[in-house]
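Read through the structure below, which is laid out as structure tokens, and then see the notes.
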Amino acid sequence: MRAAVLRKEPSSMPAPIDPIVEVRGISKSYGSTEALRGIDLDFPRGKLSSLLGPSGCGKTTLLKIIAGLIKANAGSIAVDGKVVTAPGPERAFVFQDFALMPWATALRNVAFGLELRGKARAEREEIARHYIAEVGLAGFEDKYPHQLSGGMRQRVGLARALSVDADVLLLDEPFSAVDEQNRRKFQEDLIRLRSNQNKTFIFVTHSIEEAVYISDRIVLLSPRPGRVSQIIEPEIDRSGDPDLIHRDKHYLDTVQEIWQGLKQYAE
Ligand SMILES: Nc1ncnc2c1ncn2[C@@H]1O[C@H](COP(=O)(O)OP(=O)(O)OP(=O)(O)O)[C@@H](O)[C@H]1O
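If you want it as structure tokens, here you go:
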């Protein structure tokens, strides 16, 4: 039987990275709490990178600095070679609680980013319908958030981020509020979206299994203050049966290797 997960042959030269997001010397303190110190990172274009580490290591802080939602005390962020200091159309942020407008339908919520950008109603609704279908919610366009399950609300949040056509999607633990079945299903959807949408995903999680399952690249952060401790490229062939991947030796070994590095921080 062919293995479901393949470790690619190591090449003699590391593949050059085409970074879309460049993080240089980022430090951030909240009062006397030093959240991040001297972070240097490149996020490759068209890939899914995860920020992984124990609670409080600064994952969300780094993601929000990349988004331009909070300011660093030192350092810079460049997107496509241009230094950014505020939110911009090339980056879309998916919040942990999805941040939906409760009084608006799924369609209006998804179209909202386009509404803010001044797109005409017919056009923005056509785009919104397309992405609602992309995330598996066709038929739910006219439902309000309270009529949708947590998993569905999360899909609305993702469809909204996809519809504004940003090159970089920043996702802050988007699976934390949903049950395990939906989480698994959504991880598979994200892998599919990442291969057919040509976007760069930067994803915050504290689940080692999740990071190994979905990521091209995992940035491990160590806490107090947050620093880059390791970068891991799981090199998993995800074209096979997802259930087999979860049982594959290389997948399990990678999970174990990361756990060995992180367990010292477990409380
Ligand atoms: N607004 C804030 N004011 C003060 N301290 C903060 C603030 N936001 C974060 N911190 C502190 O900065 C550190 C990093 O927080 P951050 O939320 O970025 O970590 P995290 O790795 O995302 O954590 P978690 O996995 O628990 O979400 C923590 O010690 C946290 O308590």
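236 is the number that UniProt numbering gives to position 236 of the sequence shown; each next residue is one higher, with no gaps. Built from N, CA and C at the ideal position, the CB exists for glycine as well.
Can you list, in chain order, the stretches of the alpha helix (DSSP H) that have 4 or more residues and sit fully within the stretch 190-219? For the stretch 190-219, the full-length alpha helix (DSSP H) segments reaching 4 residues or more read 208-214 along the chain.
Output the distance between the C-alpha atoms of residue 264 and residue 118, rounded to the nearest integer angstrom. For this step, residue 264 is matched to residue 264 along the sequence shown. For this step, residue 118 is matched to residue 118 along the sequence shown. If I take the Cα positions, the gap works out to 50 Å.
Alpha helix (DSSP H) containing residue 117: first to last residue? The residue given as residue 117 occupies position 117 in the sequence shown. From DSSP, residue 117 is part of no alpha helix (DSSP H); its letter is neither H nor E.
Can residue 191 and residue 238 be called in contact, C-beta distance under 7 Å? The residue given as residue 191 occupies position 191 in the sequence shown. The residue given as residue 238 occupies position 238 in the sequence shown. Result yes, Cβ atoms of residue 191 and residue 238 sit closer than 7 Å.
Rounded C-alpha distance that separates residue 258 from residue 51: If you number the sequence shown from 1, residue 258 lands on position 258. If you number the sequence shown from 1, residue 51 lands on position 51. Whole-angstrom Cα-Cα distance: 13 Å.
Tell me whether residue 86 is buried or exposed, calling it buried when 16 or more other Cβ atoms sit within 10 Å of its Cβ. Translated into the one-based positions of the sequence shown, residue 86 becomes position 86. Under this definition residue 86 is an exposed residue.
Taking the alpha helix (DSSP H) that residue 64 belongs to, which residues open and close that run? For this step, residue 64 is matched to residue 64 along the sequence shown. For residue 64, the uninterrupted alpha helix (DSSP H) run begins and ends at 59-67, by DSSP.
Option nearest residue 39 by Cα separation, candidates 48, 63 and 105: As a first step, residue 39 must be located in the sequence shown, where it is residue number 39. Of the listed residues, the one whose Cα sits closest to residue 39 is 63.
Please find out if some non-hydrogen atom of ligand 1 comes closer than 6 Å to the beta-carbon of residue 205. Working through the sequence shown from its first residue, we reach residue 205 at position 205. No; taking the cut-off as 6 Å, the Cβ of residue 205 has no heavy atom of ligand 1 nearer than that.
Between the CA atoms of residue 124 and residue 34 - distance to the nearest angstrom: On the sequence shown, residue 34 is found 34 positions in, with the first residue counted as 1. On the sequence shown, residue 124 is found 124 positions in, with the first residue counted as 1. Between residue 34 and residue 124, the C-alpha separation is close to 42 Å.
Can you tell me whether residue 71 sits near ligand 1, meaning its C-beta is under 6 Å from at least one heavy atom of the ligand? Here residue 71 is taken as the residue at index 71 of the sequence shown, counted from 1. Checking the Cβ of residue 71 against ligand 1 gives no.
Distance CB(residue 228)-CB(residue 254) smaller than 7 Å: Residue mapping note: residue 228 aligns to position 228 of the sequence shown, counting from 1. Residue mapping note: residue 254 aligns to position 254 of the sequence shown, counting from 1. Cβ atoms of residue 228 and residue 254: not closer than 7 Å.
Cα-Cα separation, residue 122 to residue 112: Position 122 of the sequence shown, counted from the start, is the residue given in the question as residue 122. Position 112 of the sequence shown, counted from the start, is the residue given in the question as residue 112. About 13 Å.
Please classify residue 179 as buried or exposed, where buried requires at least 16 other C-beta atoms within 10 Å of its C-beta. Position 179 of the sequence shown, counting from 1, holds the residue named residue 179. It counts as exposed.
Nearest-angstrom Cβ-Cβ length linking residue 189 and residue 135, presumed shorter than 8 Å: Numbered from its first residue, the sequence shown carries residue 189 at position 189. Numbered from its first residue, the sequence shown carries residue 135 at position 135. Right, their Cβ atoms sit about 7 Å apart.
Residue range of the beta strand (DSSP E) that includes residue 33: Counting from one through the sequence shown, the residue named residue 33 turns up at place 33. Taken as a continuous stretch (DSSP letters only), the beta strand (DSSP E) holding residue 33 covers 33-44.
Minimum length 4: unbroken alpha helix (DSSP H) runs contained in the stretch 72-136: The stretch 72-136 contains these whole alpha helix (DSSP H) runs: 106-116 and 121-134.
Name the two residues that bound the continuous beta strand (DSSP E) containing residue 25. The sequence position of residue 25 within the sequence shown is 25, counting from 1. Per DSSP, residue 25 belongs to the beta strand (DSSP E) from 19-30.
If I'm right that residue 48 touches residue 203 with Cβ under 8 Å, what's the distance once you round it to whole angstroms? Locating residue 48 in the sequence shown gives position 48, counting from the first residue. Locating residue 203 in the sequence shown gives position 203, counting from the first residue. The Cβ separation is near 6 Å, so the contact holds.
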